[in-house]
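Novice:
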Amino acid sequence: MATWVSAIRVAQEVLEATPEGHPNKEIWSNNLGNLLSDKYSSTEEMADLNDAIRVARQTLHMTPKEHQNRPMWLNNFGVLLNKRYLRTVIESDHEEALHVSWEAVHTTHKDHPELGGRLNNLRVQLRHRYSKTREMPDLEEAIRVAQECVHATPEHHPDRGGRLESLGILLDSKHSTTGATADIEACIRVTQESINMTPRDHPYRGSRLNLLGVQLAKRYLKMGEIADIDNAIRITQEAISAVPGQEGQPKGAGWLNNLAIYLGQRYTRIGALGDLERAIQASRGAVNNTPKANSNLASCLCNLGYLLTDRYSRVRQLTDLDEAVVLMRSAIDLTSEDNTSQKAELKNNLGLALGQRFLETETKTDIDEAVRAVQEAVDLTSRDNPNWPRRLHNLATIFGKRYASTESVADLEASIRMAQGAVDASPENIPNRAVYLDSLGKALFARFLKTNTQADLERVISCSKSALSQPNTSITSRIGAGKELLACYGFTSDWQLAYDTAKVVLGLIPQLTPRSLRNSDKQHLLSQISGLASDAAAAALEIGKSPLVALEFLEQGRGVLAGSLDELQVDALGLQGKHSELAERFTRLRDELEPPIIQNISLTEKDPQPWQAQATRRYDAADEFDRLIAEIRQQPGFADFLHAPSSEDMQAAATYGPIVIINVSGYRCDAVIVERHQIRSLALQNLDSNKIEEIARKGDLGHPDVLEWLWHTIANPVLDALGFRELPSTWPHMWWIPTGLLTKFPLHAAGLFDKSGIDNTLDRVISSYNLSVKAIIRGRQSRIPASIPSASPKALLIAMRDTPGCISRLPFAAKEVSMLHGMCKSMAIDTIEPRRYKKDILSHLPSCKIFHFAGHASANRVDPSRSQLLLEDWETDPLMVGTLMEMKLRERLPFLAYLSACGTGQIKDDRFVDESIHLVSAYQLAGFRHVVGTLWEVNDETCVDIARMTYEGMRDKGMTDEAVCWGLHTAIREARNNWVSEMAHSREASKLTVSGSNDGNMGGATLPRDIEASDQDDEKPLYWVPYVHFGV
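Right, dumping it as structure tokens:
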């Protein structure tokens, strides 16, 4: 400080000693001003800044207009005034700074090397003016000056990058006001140029990357190009990594918040749960790294709450919603009343979270507060605000949720009014317009069902058609609109239009589930099209299309996940022989796409950004794989590579027996019958989807009344059409492929059992099941020899008598496995019974031909891919369906998975029935040729008998495809016969008891009462019914 004081005193003395008119007086004055300015930069004392400004003004007053240094001193004076303005916000300082900066520019020669810097200072003043006036002419002038500044700055000037960044910020502001595509394109272009010339170690590189991410995200919201949001995520992650931090934690909390927003937007578009999880991780990082006094904390809390609301919609954990509501309320408390923009967004998001929670808890106060909150958000939003249509749409959604609960006409009318407002306020080409149209259509359809007003139905059709045809929106929005449109045409019986619509919507399915998605993500997205293929097939048959067309629809829209996994396991040997380079690329890309996306990696790691690198590579590999398949199909002889099976292929699949697809739709029900020589359909006149739903809801699907109903409505008409009318001498084999809720029903056990005779499926055919015709074709592509060679085939046997966390013991599980040791020995099969832990099972599974599990199973209602067999470590390291589906066992030709547990073929959530993701299908997809499982709960003791008789059939007939089906069929039939005999005996005993007999021997000891019966005391449960065979 003493040095400053001494230097300033000397400069003052020199200036005072210099007479007026001396040619150097203004120079000495400027020197004094520079010293005072430097002192202020060190002390930040306002008195020093005031002194610097006073002396700078004095210098200009004594400097002639033609003085060569005057432009420079004007520029410096403007800089000083701007510094004071930023601290005091004194308007006169800004006006004077703008005036002198303008004069400095206009008195500088156009070729002067400092012109760029002076234009930049003028740009700063013009930006300040625009910030106050918000007038477009002011912004336009600021942009013009910023452009001149860039033009005046040499290509390799160290400040060029910063000046380009400043121009990009101004262009971004213009786009925010005008919404013009040209403006966002221009700002992206100049910001990218700024980054290109910014060294990697430059302190402002991170801010420039962040700015480009913001601009790309804006263009994504406007244009809907997925590449923009992908690049925004990549670039923002790079910005975060460029920021120095402590112990790996970034200082750029705002950038973390931006990254979370972009990941959330991509999740909404594509549906990858990994994106949402990483968004939440980034958002928590932003909250944790934002000081409590920082004005940005409320925004960070709001975003985290919004993301948690999204996660609740996916995984259904109420704790997410509860936390989201708490976060939103905290953010609102932190926001000042005059910050209406932020207050509106917070109220909007709070309302959405409360609306979601209402669906779970049905708490009326939640939905009422949700309406008030989103209404307030709308009230705080001006009509020219870009968020206006979005908030109107959200209010429409909240009113719709309350209407679904209260059936209040006022709520329905409000929902329609708000949704129409959102549509009217949204430009034609923005991606969200399809969402608004779809919501309006649904609200109008609800009113149509209430009032039967034809005009409403016509508006629904118009809205749905517009949403379906919008190319730049999410595929889920387009498919949702398409389903609504199909329902409308079905309602009006416009079957040709229904067929045309269905064809378009089914064609969108590949875009719904890109190869880059994890299986659990695909499963979730495919739940949204449940029933679509069945309705499409029904529409095709209604207009007289061939049964083949209906079947192609069913193959296209059901079992999509299984089909995508099969494509990754296809044998490339044929390709290798003729096009080795293509085969090698195919194998490489297939291997890249098979593992799930990396998880649980920190978003703040600097190098090499592993999560982003792997996610990006997976997306790129998926695109490359699709292009490769197109290239392979162009080669001679490979036109059908990975194509859907042809009619000839499907008929060939019926070589070993007919395949019968039972299509269930609200429009009609049919059997599509595939035979070696033809594909035909049979209308099932007495089968009704509403009746199926009613019976399924009651739950007792093994009741004799249900089996009788299945016989009359499905099994008997089908078997009669096939000519299977009597007890055969040579047993025919057929495959059932039920659809919709019918997948829960035991078609193989249909029949009349209250009297003797062969009016039942078991006495006419051997029944197997499968998901689709293509699944049967796929399963047969890896042929096995007539019998399995004797070179030490192995059976992996697991018995879980006691399961951690389960109350019920299974005392017969050990007996079952003990029996199998002897049975396998008689079949020359070695047995392995390892520790009952996941890692031990997985280590032996690839080398076994038979896997037999006797124990408990658990079906997950929310996510079927998390269903599991319960081992010793199931609570900490579960062996889940998803794990099995990702195993590559097919090349080892595993033969049989026998899952002797409850509900291994069970699907608890009806949304997933068309994909049939359960434990049985998981073992099929893993590569097992045959799987025996159960449709629901089974009896512990009965399991032993069914397993014994099944393996006896395989022992007697050899381990062939036919032997597995025959063994299970024989076992079920024998158990059925025993049940019929016991029932007859029970009824006879009941009659004797009713007549007053005192015979103690008939008093219960000989009756089958050791197991609890179902509804009627004189009926023994049908424990033989739920066993099923899936396979080839």
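Everything in the sequence shown is counted per this note's numbering, starting at 151 for the first residue and increasing by one. Think of the CB as a built atom: it goes at the ideal place given N, C-alpha and C, for glycine as much as any other residue. All values reported here derive from a predicted model rather than from experimental measurement.
#1: Counting C-beta neighbours from all protein chains within 10 Å, is the total for residue 1000 16 or more, i.e. buried, or is it exposed?
#2: In whole angstroms, give me the CA-to-CA distance for residue 446 and residue 440.
#3: With DSSP as the reference, label residue 649 as helix, strand or coil.
#4: For the structure I just gave you, are there three or more beta carbon pairs, one from the segment 1054-1062 and one from the segment 1004-1019, closer than 8 Å?
#5: Where does the unbroken beta strand (DSSP E) through residue 884 begin, and where does it stop?
#6: Mind checking which residues open and close the alpha helix (DSSP H) that includes residue 1081?
#7: Compare the Cα-Cα distances from residue 253 to each of 268, 241, 242 and report the closest residue.
#8: Taking DSSP's pairing of strands, which residues face residue 910 in a bridge?
#9: Given this structure, state the Cα-to-Cα distance separating residue 646 from residue 501, to the nearest angstrom.
#10: Which of the three DSSP states is assigned to residue 754 in this structure?
#11: Alpha carbons only, please: which of 844, 801, 819, 889 is nearest the one belonging to residue 825?
#12: Which residue spans inside the segment 792-836 form an unbroken beta strand (DSSP E) run of at least 3?
#13: Identify every residue that forms a DSSP beta bridge with residue 690.
#14: Which residue spans inside the segment 452-519 form an unbroken alpha helix (DSSP H) run of at least 4?
#15: Please classify residue 468 as buried or exposed, where buried requires at least 16 other C-beta atoms within 10 Å of its C-beta.
#16: So, at 6 Å on beta carbons, what are the nonlocal neighbours of residue 697 in its own chain, with the 5 sequence-adjacent residues on each side left out?
#17: Given a cut-off of 9 Å on the beta-carbon distance, is the pair residue 494 and residue 531 in contact?
#18: With three or more C-beta pairs closer than 8 Å as the rule, is the segment 1089-1109 touching the segment 897-909?
#19: Do the CB positions of residue 383 and residue 664 come within less than 9 Å of each other?
#20: For residue 1018, which beta-bridge partners are listed by DSSP?
#21: For residue 1048, which three-state DSSP category applies?
#22: Note down the Cα distance separating residue 876 from residue 1112, rounded to an integer number of angstroms.
#23: Just mark residue 973 as buried or exposed, buried being the case when its beta carbon has 16 or more other beta carbons within 10 Å.
#24: Cβ of residue 889 within 9 Å of Cβ of residue 1072?
#25: Where do the N-terminal and C-terminal ends of the beta strand (DSSP E) with residue 213 fall, by residue?
#26: Which value, in whole angstroms, describes the spacing of the CA atoms of residue 409 and residue 428?
#27: State the DSSP-derived secondary structure class of residue 1108, mapped to helix, strand or coil.
#28: Classify residue 396 as buried or exposed, calling it buried when 16 or more other Cβ atoms lie within 10 Å of its own Cβ.
#29: For residue 281, does the count of other Cβ atoms within 10 angstroms reach 16, so buried, or fall short, so exposed?
#30: Given a cut-off of 9 Å, decide if residue 528 and residue 507 are closer than it, judged by their beta-carbon atoms.
#31: Could you spell out where the beta strand (DSSP E) holding residue 948 opens and where it closes?
#32: Tell me which residue opens and which closes the beta strand (DSSP E) that residue 720 is part of.
#33: Measuring alpha carbon to alpha carbon, tell me which of 443, 894, 865, 867 ends up nearest residue 848.
#34: Go through the segment 179-259 residue by residue and report every complete run of the alpha helix (DSSP H) that reaches 4 residues or more, in order.
#35: Just confirm the distance between the C-beta atoms of residue 497 and residue 521, as a whole number of angstroms; I'd bet it's less than 8 Å.
#36: So with Cβ pairs under 9 Å, would you call residue 330 a contact of chain E?
Specialist: In brief:
#1: buried
#2: 7 Å
#3: helix
#4: Contact holds: three or more Cβ-Cβ distances are below 8 Å.
#5: Annotation: the continuous beta strand (DSSP E) that includes residue 884 extends over 883-888.
#6: Counting along the chain, residue 1081 falls outside any alpha helix (DSSP H), though it belongs to the beta strand (DSSP E) covering 1080-1084.
#7: 268
#8: Partner(s): 901.
#9: 42 Å
#10: For residue 754, the predicted structure reports a pLDDT of 47, less than 50, and the residue's modelled location is therefore unreliable. The matter cannot be settled from this model.
#11: Minimum Cα distance to residue 825 is reached at 801.
#12: 809-814, 819-824, 829-833
#13: Partner(s): none; residue 690 has no beta bridge.
#14: Within the segment 452-519, the complete alpha helix (DSSP H) segments at least 4 residues long are 468-484, 490-511, listed from N- to C-terminus.
#15: By the Cβ neighbour-count rule, residue 468 is exposed, with fewer than 16 other Cβ atoms within 10 Å of its own.
#16: 822, 829, 830, 831
#17: yes
#18: In short, these stretches do not touch, since the Cβ pair count stays below three.
#19: No.
#20: 1008, 1030
#21: strand
#22: 21 Å
#23: By the neighbour-count criterion, in which 16 or more other beta carbons inside 10 Å mark a residue as buried, residue 973 falls on the buried side.
#24: no
#25: It is not in any beta strand (DSSP E) - residue 213 carries neither H nor E in the DSSP assignment.
#26: 9 Å
#27: Under the three-state reduction of DSSP output, residue 1108 falls in the coil class, being neither helix nor strand.
#28: Residue confidence is low: residue 396 scores 36 on pLDDT, short of 50, so the model does not pin down where it sits. No coordinate-derived value is stated.
#29: With fewer than 16 other Cβ atoms within 10 Å, it is exposed.
#30: No, these two residues do not count as a Cβ contact at 9 Å.
#31: 944-949
#32: It is not in any beta strand (DSSP E) - residue 720 carries neither H nor E in the DSSP assignment.
#33: 894
#34: 196-211, 220-238, 241-256
#35: Contact doesn't hold; Cβ gap of about 11 Å is too wide.
#36: Reference to chain E is not applicable here, since this structure consists of a single protein chain.
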